[in-house]
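Visitor:
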Amino acid sequence: MAEPQKKTTFPVKPKLKPKSRTPKQTPESKYWSSFKTQQIPKLISVPSLTFSPTSPHSFAAAHSASISIFSSETLSPSSTVSSFKDSVTSASFRNDGRLIAAADISGLIQVIDVKSRSSLRRLRSHTRPVRYVQYPVLDKLHLISGGDDALVKYWDVAEEKSILQLQGHKDYVRCGDSSPVNAEMFVTGSYDHTVKLWDIRVRDSKHAMQVNHGSPVEDVIFLPGGGMIATAGGDSVKFWDLIGGGKLLYSMESHNKTVTSICVGQIGKESKEESWNQYRVLSVGLDGYLKVFDYTEMKVTHSTRFPAPLLSVAFSPDCSTRVIGTSNGVIYAGKRKEKEKEKNVESESSLFWRIRPVENTQRQVLTPSHFRYFYRGQGEKPSEGDYLVMKPKKFKLAEHDKLLNKFRHGEALVSVLESKNPGNVLAVMEELVARKKLLRCVSDLDVEKLELLMTFLHKYCTMPRYSSLLMGLTKKVLEMRADDIRGSEALRSHIRNLKRSVEEEIRVQQSMQEIQGVISPLLKVAGRR
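What follows is the structure in structure tokens.
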């Protein structure tokens, strides 16, 4: 019988699924794509966009000769300010959101009340168009501005005057930003390719630091923390370390045309936990692209194309709205989509608020109304590379010094005589001798003040360290005021006391000479041995 044949089997490769041609979206890219874009048309070129720092974070758009304020919730215009006679170039909210400062190409800066839309202050000092105006983040009383006259000005808004004029740029000043941690420091960018760091405490109005971007600077911003800045110009965005002395950290060159504006945006709750509470830099350019850059990993994490050249970009502080201004007058406003899960979480958190307040982990900015504001930074020590700014110490002047500064010589002499401090009296007398006013002051003294002088001369004229000046002064007083001395019993008493003191001093000097005569031969004999 034939044996049954064995069946042989061979392994077969499983069929692989075809790879998708479109790259898989990262969680962060999904987050930025979740902003549903709406168009706000019927405007003219939008060179500036800014959000109010206070809730509900409405935003202002500068277009033509007016400023329109939009609601960030409905994206509809709530009011329009049309008090300008020329095109508006820049706008900035005050940190309480009540006022907005705006500049136009005529060189005029206006401070406007947001509610009443009335102009409260009109600041005019620039001779050319103003391209940059801003309220410092931590200051309500001052403004910073820069224009085509290559000047940077620091304004006192209440007085309507420029209290500091900073010269250093050699071309148009186009942009700037204030420090988020120090109200006295800010940066400005110019078409001379430089970005300068200014400190209003530095004397002679000189810049504290300077970096060269390599091309005309269109925008500059401080990054959160205040230790780094980002500059935009040409087709690149560069990141600089201010604490490290202005060191270039990275240059992002992903745009094809000029980068016109940059801003800081914060990652919202839609992305993973690792990215939560991190910041990104948003840049727009004439190529129509919006780029999102992670400056901790030094890479572009998202890119979006728009059908027009982009001029400005802004991101709301609550991470819910993103607005982009274009050259054709359209604003692309993006609202983040809210999923049902997120709404449920918000409703649950609102119930949780009734039981216990949620802890705010975000660091609060100290204001002058809080006592800790005046103690900040006192325990910190400067590191090796820090730039130290020393404030001049204020010396409290004595009354006679103040009178000398006002050239009231007679009153200064009387004041120092009443203090009864011989060192100060001699110092004032020597100053009056240098000014050739001592004898004039002595001749103008009345009898009561002359008694003060005679009392001082009687007490200190025989002291060796004071006698070189006071003995000659005593002789001049006796010659000049002889008639007054004869007519006053008190002055004659002082003269008698002075005479006794001088006679006693003469006797002491004679005794010292006799002792010296005895000792000197003994010293000679001792020296020979």
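Count the sequence shown with my numbering and you get residues 1 to 529, in order.
We put the CB at the ideal spot given by N, CA and C, even for glycine.
#1: Closer than 6 Å by C-beta to GLY233: which residues in its own chain qualify, once you throw out the five before and the five after it? Chain order, please.
#2: Measure the alpha-carbon distance for ASP148 versus GLY189 and round it to whole angstroms.
#3: Got a sec? Which residues, its chain only, sit under 6 Å from SER82 by beta carbon, not counting five neighbours each side?
#4: Tell me the rounded alpha-carbon separation between VAL114 and PHE371.
#5: Excluding the 5 residues preceding and the 5 following VAL300 in the sequence, name in chain order all residues of the same chain whose CB lies nearer than 6 Å to its CB.
#6: Within 10 Å of its beta-carbon, does ILE355 have 16 or more other beta-carbons around it, so buried, or fewer, so exposed?
#7: Where do the ends of the alpha helix (DSSP H) carrying ASN424 lie?
#8: Since SER76 contacts PHE70 with CB under 8 Å, what's their CB separation in whole angstroms?
#9: Considering just the uninterrupted stretch of the beta strand (DSSP E) at TYR132, what are its terminal residues?
#10: Could you check where the beta strand (DSSP E) with LEU123 kicks off and where it finishes?
#11: Between the alpha carbons of PRO41 and ARG322, how many angstroms are there, rounded?
#12: Give the single residue among GLU411, GLY377, ARG500 whose Cα lies nearest to the Cα of LYS459.
#13: Going by beta carbon distance, what residues of the same chain come within less than 6 Å of ILE243, once the five residues before and after it are set aside?
#14: At 4 residues or longer, what runs of the alpha helix (DSSP H) sit wholly inside the region 462-511?
#15: For the candidate residues LEU138, GLY146, ARG117, VAL137, whose alpha-carbon lies nearest to that of LEU123?
#16: Using the Cα positions of HIS142 and SER178, report the straight-line distance between them to the nearest angstrom.
#17: Let me know the beta strand (DSSP E) ranges lying completely inside the region 32-114, each 3 residues or longer, listed in chain order.
#18: Where do the N-terminal and C-terminal ends of the alpha helix (DSSP H) with ALA412 fall, by residue?
#19: Hey, how far is the Cα of ALA490 from the Cα of LYS449?
#20: Name the DSSP beta bridge partners of ALA232, please?
#21: In its own chain, which residues sit with a C-beta less than 6 Å from the C-beta of SER119, not counting the 5 before and 5 after it?
#22: Assuming SER92 contacts TYR154 under a Cβ cut-off of 8 Å, what Cβ separation, rounded to an integer in Å, is found between them?
#23: What residue range does the alpha helix (DSSP H) around TYR373 cover?
Guide: Quick look at the numbers:
#1: Translated into the one-based positions of the sequence shown, residue 233 becomes position 233. HIS213, SER215, PRO216, VAL217, GLU218, listed in sequence order.
#2: Counted from its first residue, the sequence shown places residue 148 at position 148. Counted from its first residue, the sequence shown places residue 189 at position 189. In a straight line, the C-alpha of ASP148 is about 12 Å away from that of GLY189.
#3: By one-based count along the sequence shown, residue 82 stands at place 82. SER66.
#4: By one-based count along the sequence shown, residue 114 stands at place 114. By one-based count along the sequence shown, residue 371 stands at place 371. Straight-line Cα distance between these residues: approximately 30 Å.
#5: One-based indexing of the sequence shown puts residue 300 at position 300. Excluding sequence neighbours, VAL300 sits near SER254, LYS291, PHE293.
#6: By 1-based counting over the sequence shown, the position of residue 355 is 355. Residue confidence for ILE355 is low, a pLDDT of 47 falling below 50, so the modelled location carries little weight and cannot support an answer.
#7: For the purposes of this step, residue 424 is taken as residue 424 along the sequence shown, with counting starting at 1. Per DSSP, the continuous alpha helix (DSSP H) segment holding ASN424 begins and ends at 422-434.
#8: What you label residue 76 is simply residue 76 of the sequence shown in a count that begins at 1. What you label residue 70 is simply residue 70 of the sequence shown in a count that begins at 1. At roughly 7 Å, the Cβ-Cβ gap stays under 8 Å, so SER76 and PHE70 are in contact.
#9: Taking the sequence shown and counting its residues from 1, one reaches residue 132 at position 132. Counting along the chain, the beta strand (DSSP E) containing TYR132 begins and ends at 130-134.
#10: By one-based count along the sequence shown, residue 123 stands at place 123. Where LEU123 is concerned, the enclosing beta strand (DSSP E) stretches over 119-124.
#11: Here residue 41 is taken as the residue at index 41 of the sequence shown, counted from 1. Here residue 322 is taken as the residue at index 322 of the sequence shown, counted from 1. Rounded to the nearest angstrom, the gap between the Cα atoms of PRO41 and ARG322 is 16 Å.
#12: For the purposes of this step, residue 459 is identified with residue 459 of the sequence shown, where counting begins at 1. It is ARG500 whose Cα lies nearest to the Cα of LYS459.
#13: The sequence position of residue 243 within the sequence shown is 243, counting from 1. Excluding positions up to five away in sequence, the list reads GLY227.
#14: If we require 4 residues or more, the alpha helix (DSSP H) runs fully inside the region 462-511 come out as 464-480, 482-486.
#15: Here residue 123 refers to the residue found at position 123 when the sequence shown is read from its first residue. If we check each option's Cα against that of LEU123, GLY146 comes out closest.
#16: Working through the sequence shown from its first residue, we reach residue 142 at position 142. Working through the sequence shown from its first residue, we reach residue 178 at position 178. Answer to the nearest angstrom: the Cα atoms are 12 Å apart.
#17: 35-40, 48-51, 59-63, 66-70, 77-81, 88-93, 99-104, 108-113, all fully within the region 32-114.
#18: Here the question's residue 412 lines up with position 412 in the sequence shown. Element bounds for ALA412: 409-419.
#19: Locating residue 490 in the sequence shown gives position 490, where the first residue counts as 1. Locating residue 449 in the sequence shown gives position 449, where the first residue counts as 1. Distance between the alpha carbons of ALA490 and LYS449: 12 Å.
#20: Start at 1 with the first residue of the sequence shown, and residue 232 comes out as number 232. According to DSSP, ALA232 bridges with ASP219, VAL237.
#21: Looking up residue 119 in the sequence shown gives position 119. Excluding positions up to five away in sequence, the list reads SER83, GLN110, ILE112.
#22: Taking the first residue of the sequence shown as position 1, residue 92 is located at position 92. Taking the first residue of the sequence shown as position 1, residue 154 is located at position 154. No, SER92 and TYR154 are not in contact; Cβ-Cβ is about 14 Å, not under 8 Å.
#23: For this step, residue 373 is matched to residue 373 along the sequence shown. Run containing TYR373: none; DSSP gives neither H nor E here.
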